[in-house]
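Novice:
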Amino acid sequence: MSATAALGIAPTPAPISDAFRSTMRRFPATVTVISACRNGADHGMTATAVTSLSMDPPSLIICLNNRTYLHDMLLEVPEFAVSVLTDRQAAVSEGFSGKIAPERRFDAADWVRHERGMMVLGSAHASVVCRRMGAVPYGTHTIFIGQVVDTRHSDDTTALMYENSKYCAPQHALPASQN
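To convert, note that position 26 of the sequence shown is 26 in the UniProt record's numbering; the numbers rise steadily by one, no gaps.
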């Protein structure tokens with residue numbers, strides 16, 4: 001028992017932002033690279049804040065910190081791509097997280113130029129190309145809404161996940177009848 005507990009003094013709780021950060025680390029998330037092209041210059045970054053929004057029209061949302069270069073690009077360009085990485089592409093994720101200079105990031109792996117102008121990872125688990133339909137600022141981030149204009153996926157790969165500061169891959173749960 002701590003001295004403060006022995007005296008009946010409650011410890012000062014951590015700020016909610018610290019508790020929230022710790023909790024969110026336990027939310028497994030699919031690892032993606034979001035890419036765009038502006039004036040002939042390609043840029044991309046790793047992101048996990050990506051999710052579907054609607055099936056009618058088909059759309060998704062991505063959330064980007066408003067201090068990033070890609071954030072500024074997406075406010076100007078009409079389209080972007082999301083490449084879902086495979087469980088064998090952790091090095092791609094790390095490169096697009098800042099371990100490789102922005103002008104060299106697309107040199108590694110099999111990036112291909114989509115007909116709409118941006119780079120898409122050819123060996124991705126899945127990819128989605130979107131037309132930006134909205135941008136909603138909130139706090140330190142902006143929620144970008146993208147209407148899907150093209151997709152592709154692989155049935156032969158497994159998505160790369162990120163949980164508690166570690167890369168991982170999903171393991172499929174057994175049906176209840178087999179537990």
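Note that CB positions come from ideal geometry on N, CA and C, so glycine has one too. Quick caveat, the model's predicted, so the values are computed rather than measured.
Which class does G95 belong to by DSSP, given the choice of helix, strand or coil?
Specialist: In this structure, G95 counts as helix in the three-state DSSP scheme.
Novice: Can you give me the C-alpha to C-alpha distance between R88 and D156, rounded to a whole angstrom?
Specialist: Distance between the alpha carbons of R88 and D156: 12 Å.
Novice: Roughly how many angstroms lie between the CA atoms of S165 and R25, to the nearest whole one?
Specialist: For S165 and R25, the distance between alpha carbons rounds to 7 Å.
Novice: Report all residues from its chain with a CB closer than 8 Å to the CB of P170; omit the five preceding and five following residues, and keep chain order.
Specialist: Excluding positions up to five away in sequence, the list reads P28, T158, A159, M161.
Novice: Relative to the C-alpha of M119, which candidate in S22, Q147, V31, G44 has its C-alpha closest?
Specialist: Ranking S22, Q147, V31, G44 by Cα distance to M119 puts G44 first.
Novice: Measuring straight from C-alpha to C-alpha, what distance separates G40 and L75?
Specialist: The alpha-carbon atoms of G40 and L75 are separated by roughly 16 Å.
Novice: Beta-carbon within less than 7 Å of H71's beta-carbon, same chain only, minus the 5 sequence neighbours each way: which residues are those?
Specialist: The answer, listed in chain order, is L64, N65, T142.
Novice: Could you pull out every residue in the same chain whose Cβ sits closer than 8 Å to the Cβ of E163, ignoring the five residues on either side in sequence?
Specialist: Answer for E163: R25, R26, F27, P28, A29, listed in chain order.
Novice: Got a sec, what are the start and stop residues for the alpha helix (DSSP H) T23 sits in?
Specialist: Here the alpha helix (DSSP H) through T23 covers 16-24.
Novice: So the candidates are V128, R105, H153, A176; which of them puts its Cα closest to the Cα of T51?
Specialist: Of the listed residues, the one whose Cα sits closest to T51 is V128.
Novice: Can you check which of these residues, E79, G146, T86, H125, is closest to residue 185 by C-alpha distance?
Specialist: This structure gives no information on residue 185, because the portion of the chain shown stretches from 1 to 179.
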